[in-house]
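In what follows, a structure is listed as structure tokens, so that the remarks can point back to it.
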Amino acid sequence: MAEPNGTRTSQGKPQYQFNGINSHNSSREVSPLPRVGYTPGSQLPPHMAPQLPPNRAAMPALTQKISGLDISEPSTPSISPSKFGKSTTNTGVPEKAAFSEHSSPVVPNCLENVPLNDIGTYPGGQYFDNLVQAPVSQYDAQNRAFPASSSVKQTSSTSNLFPQAQASQSAQFSTSIQATSAYTQPAGVSSASQSVFPPRPTAQPPSSQMRPNYAAPTGLRNLPQRYPTPLQPQSVNAAQRPQQQFNTGPQVPTQRFNPQINYNLPPAMGQNQPPPANATNSGSRYPIAVGPQQPRHVGFLNQPNHPAQGVVQSGFSRIWGGENYDLLQIPNILPPAQVHPPNINLGQEQLNQANCSNEIFRCTVTKIPDSASLLQKSRLPLGLLIHPFKDLNYLPVIQCNVIVRCRACRTYINPFVHFVDAKRWKCNLCFRVNELPEEFQFDPVSKTYGDPTRRPEVKSSTIEYIAPAEYMLRPPQPAVYLFLLDVSRQDSLLAIESGYLEVLCHTLLEELQNIPGDARAQIGFIAYDSNLHFFSMAEGLNQPHEMTILDIDDVFLPTPDNLLVNLRDRRELLEDLLKLLPKRFANTFDENSALGAALQIAHKLMGPTGGRVTAFQAALPNVGPGAVTSREDPNQRSTAETLLLNPVNDFYKRLALECSGQQIAVDLFVVNSQYVDLATISGISRFSGGSVHHFPLFKSNRPLVVDMFQRELRRYLTRKIGFEAVMRVRCTRGLAMHTFHGNLFVRSTDLLSLPNINPDAGFGMQVSIDESLTDYQSVCFQAALLYTTSKGERRIRVHTLCLPIANTLHDVIHSADQQCIIGLLGKMAVDRSTQASLSDAREAFINAVVDVLSAYKLSLNIGTAGSGLLAPECLKLLPLYIAAILKHPAFRIGISTRLDDRVKAMIDMKAKPLPFLIQQIYPDLYPVHNLELQEVVMNSEEESVPLPPRLQLSARCLENKGAFLMDCGDQMIILVGPNVSKDFLNQALGVPDYSSISETMVEIPVLDNVPNKRLLQFITYLNDAKPYAVTLQVLRENSPSRGVFLEKLIEDRLENSLSYHEFLQHLKTQVK
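Per the UniProt record's numbering, the sequence shown starts with residue 1, numbered consecutively.
In structure tokens, the structure reads:
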């Protein structure tokens, strides 16, 4: 009887294929991975030994949990909740039911439920090796038709109750299918060396339908797939010329692949092996997999050619951007330079140059799938991130009598429209042909008539129009600013005041003349504790006049005039008021805070004009309308989080909607030292288009937090601002927008109400494919922001993004933008945390990356055995970002995260631009003790600046004789090692010795030497990419505050979380 899936060696010994390993050549001399013997007491069967989590034998139960999943109990499979989308019942194969060969689980969508089952276990507690008999031959499940009826229902996600190895052993698969031993021994190669040099498969004509195989590695066994897809006929014509159509990408070579040939995989390929074990822990049963020390001058370890690919195929993969990476074999996956977004290829260089900047408009994929089914197969989320009011160095501004728009869908003319002739153009969103006004044929640059393509509107995707009168419902209102100041006594238990009022008034005095506005700009101040304090600055007064209202339950304006005064005309009175306020409330003993009443009176005061309200809150609002009580229990921060993350009442949300209707936005500065229920009071900002700024444990005697407060406040007071804003996002017919993210109010399906817009606000939106896009070559998205400047001018800023269409799974997956994906998933996870639970959101992150890597593995047709954890170039950092975001304050578990801090992190995740979020999720780490050895770049002033490589966020990249700068986006931290050179301490930091570095060192002194100049130039270079220069903190390695630095080393194991390599091992067990 023939032995299935086996061949005879020259010595006559049978050899088998177990999990992709040739049993005949599995000795230590051939394979670098020693085989671990299996005993009944082993934790995992032998074929799963290389996939063990890199942990010691007795891993604490608490640290084995990831996103609420205990991987230490092999007896009970756990079913995870659904992901970011709506929940779907997760059904699997019954425990005692026969596994039908016709059962074809459907690949679950990124927004659907994917279970995180236990590792290699059977529901009864038995290991699979006790149930699996000798392997049978290769079976191509895709070539069989589904029967009319089946006893096994099709499921939306794959259950691990019966893995692929066991499924192929069931009775239904035991039909007589003989293995094809098609190998011929190459000339000059002995049989003893067959494990090192794989034999060639003999060429056979295809006997079944071809599956599209783009960039598929050759020489692999076609094992039963976890997610089978319907076969599609594929005609291959070697002489066929590449398509020369608009925005068609490079043509990937199509490879013939016969699924009936058994492509044996030699064991020496090195797949499915963990990183080298740590020498200090080599004696343990399961050594911790720790990568080698990262070189100081190299931050990225190049991945060699994938074992399953030949030299020619690997070369093609690099050319077409389809190179594979086995993440388990690359300890240093982070590139030394910044990660740049993928390029968008529209087929014409002119169109590529005219497309919208990725700093403004960014999509999760650079090629849109041509159908919803193709998007579902890719497992990628589809959405947009937009930064509409970003500060720009160059912005074309057009003033014309007629703004050219489509008569049907009202799209603004843009570089991607089609000109039928000199007087007609075709809309790129709804495809209607429109007439061009005569004015549009005039070129304002050359002052001539003629070609309409010379107009600035069709040369730049970002442009701003000065709006004519028909875009105004009322005359532009002046810039109006109202400040609400909490003057209640804080920290009553310690009898110490925070002192924020004095810092605030001092900063306002310095920046009063820099507040944006014209000659009509107005300003006012209201203070509140358990009462409301108004300050009248009428003409003829020598000093401000204070009026106090005691009844806060029914508020009213004591005087209709002189509470909001002209910023220029009352400049002296305003300065006197700012000097008097700290003294006026220095000795107050009122511990109550009536924030709700102050916001109500602000709504009444600013209703006629609209404007911006800035509220400074220092204590829990405990009296008057909207009063709340403390809900936080420090010992229960990790439980009942859903209730605590949601507001306790809807007072602030309802008031925010009323403010939004009156074009009033409320910004919140929280300078608390105790719990203030930010989840409740932040609604006033989130639904009115405002912003939230949080400074926990604020004390005027803490230089670091005071410096951070002043820097952020100065930026807030002086940055550009737009009033009475609305934004509409349009897209090509066949696509639809849904689920907007950010601090906004959705007025209609595509219209967003933004009473104020600022350059630091970002938004996200999810996109669905409602109709087939197979007839399109490209699709477009257009965002139009209508706002009033601080000078009283009505303007329209338009951004247009064009993306090509993809019709293959390979093209869609290789067009992914991993940073944009993590930004969109973070916004979706915040909604999931508040609607379901924090653990559901964490599991959804893991399910999302498992889905994407599984879909990519499926597209390669590799099978399930011995393929490592593969990822393309465009997704190689996605697992790293997912591991990092699970340790972000918004989503990490444990009791060390204060509730207000978690809420603020979630607000930032929803409302901040993508570059800020990426640095918050995965900060940049640089060595700065040897800047003289680093490469140099040119800054904006054409000066040479040293640029060290980025390091992995792991303690193994740190050394005692070094100094390392971590850029977290909103602050920088320099950690100085105890053995750093004295020259660096003396010349760069300006301190005599290591112990002289104080806990309050928040700046680098300016010295007259080269090392100090290099360090300051590098810090300035990093700050140039930010809206403002952020706070710098210098710490010793033994400083009590070093935890701020160490907690951001996310690749190491932290509280209740796995290290990055442990996380990869966990993903390996889930990716099928």
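Think of the CB as a built atom: it goes at the ideal place given N, C-alpha and C, for glycine as much as any other residue.
For ASP967, there is no enclosing alpha helix (DSSP H); the enclosing beta strand (DSSP E) has its first and last residue at 963-967.
Selection THR732, ARG407, ILE368, PRO444 evaluated against ALA816 yields ILE368 as nearest (Cα-Cα). Counted as a single uninterrupted DSSP element, the alpha helix (DSSP H) harbouring ASP811 occupies residues 809-813. The Cβ atoms of GLN617 and ILE681 sit closer than 8 Å to each other. Taking GLU942 as reference, the option from LYS912, TYR1021, PHE964, VAL1010 with the minimal CA-CA separation is TYR1021. At a Cβ-Cβ threshold of 8 Å, LEU564 and THR548 do not count as neighbours. Under the three-pair Cβ rule at 8 Å, the segment 926-944 does not count as touching the segment 877-892. Looking at the backbone, the Cα of ASP529 and that of ILE885 are separated by about 39 Å. Every unbroken stretch of the alpha helix (DSSP H) spanning 4 or more residues and falling wholly within the segment 1033-1057 is given here in chain order: 1043-1046.
Rounded to the nearest whole angstrom, the CA to CA distance from ALA372 to GLY734 is 10 Å. Non-local C-beta neighbours of GLU999 in its own chain, meaning closer than 7 Å and more than five positions away in sequence, comprise SER1039, SER1041, ordered along the chain.
Residue nearest to ILE344 within the set SER839, ALA408, ASN332, SER357 is SER357 (criterion: CA-CA distance). ASP633 and GLU641 have their C-alpha atoms roughly 11 Å apart.
Residue environment for THR507: buried (at least 16 other C-beta atoms within 10 angstroms of its C-beta). Apart from the 5 residues on each side of it in sequence, ALA538 sits with its Cβ closer than 6 Å to the Cβ of ASN562 in its chain, given in chain order.
With fewer than 16 other Cβ atoms inside 10 Å of its own Cβ, VAL1006 counts as exposed. According to DSSP, ASN756 shares a beta bridge with PHE723. Non-local beta-carbon contacts of GLN934 in its own chain, meaning distances under 7 Å to residues more than five positions away in sequence, involve PRO946, LEU947, PRO948 in chain order. Burial check for HIS814: the Cβ neighbour count within 10 Å reaches 16 or more, so the residue is buried. The beta carbon of TYR465 sits closer than 6 Å to the beta carbons of ILE398, ILE403, ILE796 from its chain, once the five residues preceding and following it are set aside; these are given in chain order.
Here the alpha carbon of GLY826 sits roughly 12 Å from the alpha carbon of GLY742. Spanning the alpha carbons of CYS406 and TRP425 requires a straight line of approximately 9 Å. Secondary structure of ILE822 (DSSP, three-state): helix. Per DSSP, reduced to three states, the secondary structure at VAL852 is helical. THR789 sits in coil when the DSSP states are folded into three classes, being neither helix nor strand.
PRO927 sits in a strand when the DSSP states are folded into three classes. In this structure, the straight-line span from the alpha carbon of LEU550 to that of HIS603 is close to 18 Å. In the displayed model, SER373 falls within a helix according to three-state DSSP. Taking C-beta atoms as the reference points, LEU751 and ARG728 count as a pair closer than 8 Å. When the alpha-carbon of LEU384 is set against those of ASP370, PRO755, GLU359, SER378, the nearest one is in GLU359. Nearest to LEU573 by alpha-carbon distance, out of LEU838, THR448, PRO544, ASP554, is PRO544.
Put simply, the backbone Cα of VAL613 is about 10 Å away from that of GLY524.
When Cβ pairs closer than 8 Å are counted between the two stretches, the segment 759-771 is seen to touch the segment 910-917, the count reaching three or more. The beta carbons of THR366 and PRO336 sit no closer together than 8 Å. For LYS426, DSSP records a beta bridge to HIS418, VAL433. Each residue's CA atom was taken as its position, placing VAL1071 and ILE846 some 11 Å apart.
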